[in-house]
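**Q** Quick one: this structure, given as structure tokens, is what I'll be asking you about.
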Amino acid sequence: EHVAETQDLEARIDVDRDDEIGRLAASFNTMLEALEASREQQRRLVADASHELRTPLTSLRTNIEFLARAKGMGDEDRLALMDDVSFEMRELSSLVGEMVELATDPKAGDEPLEGVDLTETVHEVVGRAQRRTGRTIEVSGDAGQIEGRPNSLQRAMSNLIDNAHKWSPPEAPITITLSPGRVEVADRGPGIPAEDLAHVFDRFYRATEARSLPGSGLGLSIVKEIVENHGGSVFAFNRGGAVVGFEIPILT
-13 EHVAETQDLE ARIDVDRDDE IGRLAASFNT MLEALEASRE QQRRLVADAS HELRTPLTSL
47 RTNIEFLARA KGMGDEDRLA LMDDVSFEMR ELSSLVGEMV ELATDPKAGD EPLEGVDLTE
107 TVHEVVGRAQ RRTGRTIEVS GDAGQIEGRP NSLQRAMSNL IDNAHKWSPP EAPITITLSP
167 GRVEVADRGP GIPAEDLAHV FDRFYRATEA RSLPGSGLGL SIVKEIVENH GGSVFAFNRG
227 GAVVGFEIPI LT
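Reminder that position 66 of the sequence shown reads as 52 in my numbering, one-by-one numbering, no gaps.
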């Protein structure tokens, strides 16, 4: 009743007995802890989203107002400004879509767990990425079979490739190395600064060098969310350029 009336999820039931009532009280406490963690996660997402949306919305509004007022603007300048508005709208749309995805539990919905050939999944995503970007992507090794959600895993792979594409010089290939349950995506960029390595999977985190590049800072955090919901883990390290990837337990 106290929780229902006050919405105080920090409240806990004192457990000082070892019978059924004590076990029930412990279960209630566990449930309250989970609810409190979920609410805090939602609060942080809303706060971060509000901060991240402010800049593109302000820029978009400024450019649109400038277009509306600038009657004597030349055609070339007007087209350039319209290109900026179009780019900002795409970035904003991408940011909102990624925030919605991040706020959705990857374990929820209609996609069931099934046996997934991780190597085949990687090659499918690579094929689409090569057609979209024209980038050479080299794949070697075999990642084996895992239990997973195919669409979610494809999104995780796509985000890893997009990240490597962003950081690699245009003529440089992206290299993907597979081993049982493990995927490494290597770019040919400058690598990840030591102070950023621990934060690359954080929501909205963008290294100083990345702030001039397209992106929301959510792509790798979505990878982390998907992989952890498959019982796996993510990693990032430097080997020439950056290597970013994940490990998921294989089927035995």
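Think of the CB as a built atom: it goes at the ideal place given N, C-alpha and C, for glycine as much as any other residue.
Quick caveat, the model's predicted, so the values are computed rather than measured.
If I measure Cβ to Cβ from residue 155 and keep anything under 8 Å in the same chain, skipping five residues before and after, which residues do I get?
**A** If we look at residue 155 and ignore the five residues flanking it on each side, its Cβ neighbours are 174, 175.
**Q** Which of helix, strand or coil does DSSP assign to residue 218?
**A** Coil.
**Q** Roughly how many angstroms separate the alpha carbons of residue 24 and residue 17, rounded to a whole number?
**A** 11 Å
**Q** Should residue 117 go down as buried or exposed, given a rule of 16 or more other Cβ atoms within 10 Å for buried?
**A** exposed
**Q** Does any CB atom of chain D fall closer than 7 Å to the CB of residue 173?
**A** No chain D appears in the structure shown, which is made up of a single protein chain.
**Q** Reducing DSSP to helix, strand and coil, say where residue 107 ends up.
**A** helix
**Q** What's the gap between the Cα of residue 149 and the Cα of residue 183?
**A** 14 Å
**Q** Look at the alpha carbon of residue 222 and the alpha carbon of residue 231, and state the distance between them as a whole number of angstroms.
**A** 7 Å
**Q** Give the single residue among 52, 62, 206, 212 whose Cα lies nearest to the Cα of residue 134.
**A** 212
**Q** Any idea which residues DSSP pairs residue 125 with across the strands?
**A** According to DSSP, residue 125 bridges with 162.
**Q** Taking the C-alpha atoms as reference points, what is the distance between residue 12 and residue 22?
**A** 15 Å
**Q** Does DSSP put residue 186 in a helix, a strand or coil?
**A** coil
**Q** Hey, could you find the ends of the alpha helix (DSSP H) residue 234 is sitting in?
**A** Where residue 234 is concerned, there is no enclosing alpha helix (DSSP H), given that its DSSP letter is neither H nor E.
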